[in-house]
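Going by numbering that gives the first Met the number 0, the sequence shown opens with residue 0, and the numbers climb by one from there. Beta carbons: idealized from backbone N, C-alpha and C, even for Gly. Below is one structure, written out as structure tokens; comments come after it.
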Amino acid sequence: MRAVEPPPSQFTFPLAKLPRRLAAIGYDGLLLTGVLFVAAALALGLAVILVGSAAFEAHNPLVGNPFFRSYLLLVCFFFYGGFWVHGGQTLGMRAWRVRVRRRDGRGIGWWQALLRFLIASLWLAPVAYLHQVFKLGIDLSLGAGFACLLLLLALRLPDRFSETELVVLPKGGNG
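See below:
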């Protein structure tokens, strides 16, 4: 009698450690920067079409616009969420052989992706607060934000709140 092999998602993989998680975040950050440039260029082009180039030169309607900021935040969410829901890996996670999954080994859904994204984005709050309210330089604000990011990741808060885990795949196990 042959033993039935469990599906690949049922194998036990080690949890991703902080350096690997940070490396994937750095890689994805570079990719996301390019995506945000394209998204902003599209919004800029639409703004010029809607208000006209002369009016746009006098006052850029995107500066400080909460709708524009919300649009960019949605672009960020769909960048991460799309990869997480469809395959469990962003390109940075793929490069570092990391996959996000539910604790039972199944892939995550949009609700879990949203929870992960919102909790993981909490590090931006001190950056904005320190920069806008206390008028600290962007370097100090980003430094405090990075410290918050390290704390979020070290405590695995996005994983805990979304009931997911980041696992390290074996070499050749990205597919």
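Check	Outcome
Tell me where the alpha helix (DSSP H) around Glu164 begins and ends.	From DSSP, Glu164 is part of no alpha helix (DSSP H) but of the beta strand (DSSP E) over Thr163 to Val167.
Just to confirm the assignment, what range does the alpha helix (DSSP H) spanning Arg19 have?	Leu17 to Val50
In whole angstroms, give me the CA-to-CA distance for Gly136 and Leu149.	20 Å
With a threshold of 16 other CB atoms inside 10 Å of the CB of Arg68, please say whether the residue is buried or exposed.	exposed
Which residues in the same chain have their Cβ closer than 8 Å to the Cβ of Ala38, if we skip the five residues on either side of it in sequence?	Tyr70, Leu71 and Val74
If we count the other Cβ atoms within 10 Å of its Cβ and call it buried at 16 or more, is Trp110 buried or exposed?	exposed
Do Pro27 and Leu90 have their CB atoms nearer than 8 Å?	Note that residue 27 is Asp in the sequence shown here, rather than Pro. Yes, Cβ-Cβ distance for Asp27 and Leu90 is below 8 Å.
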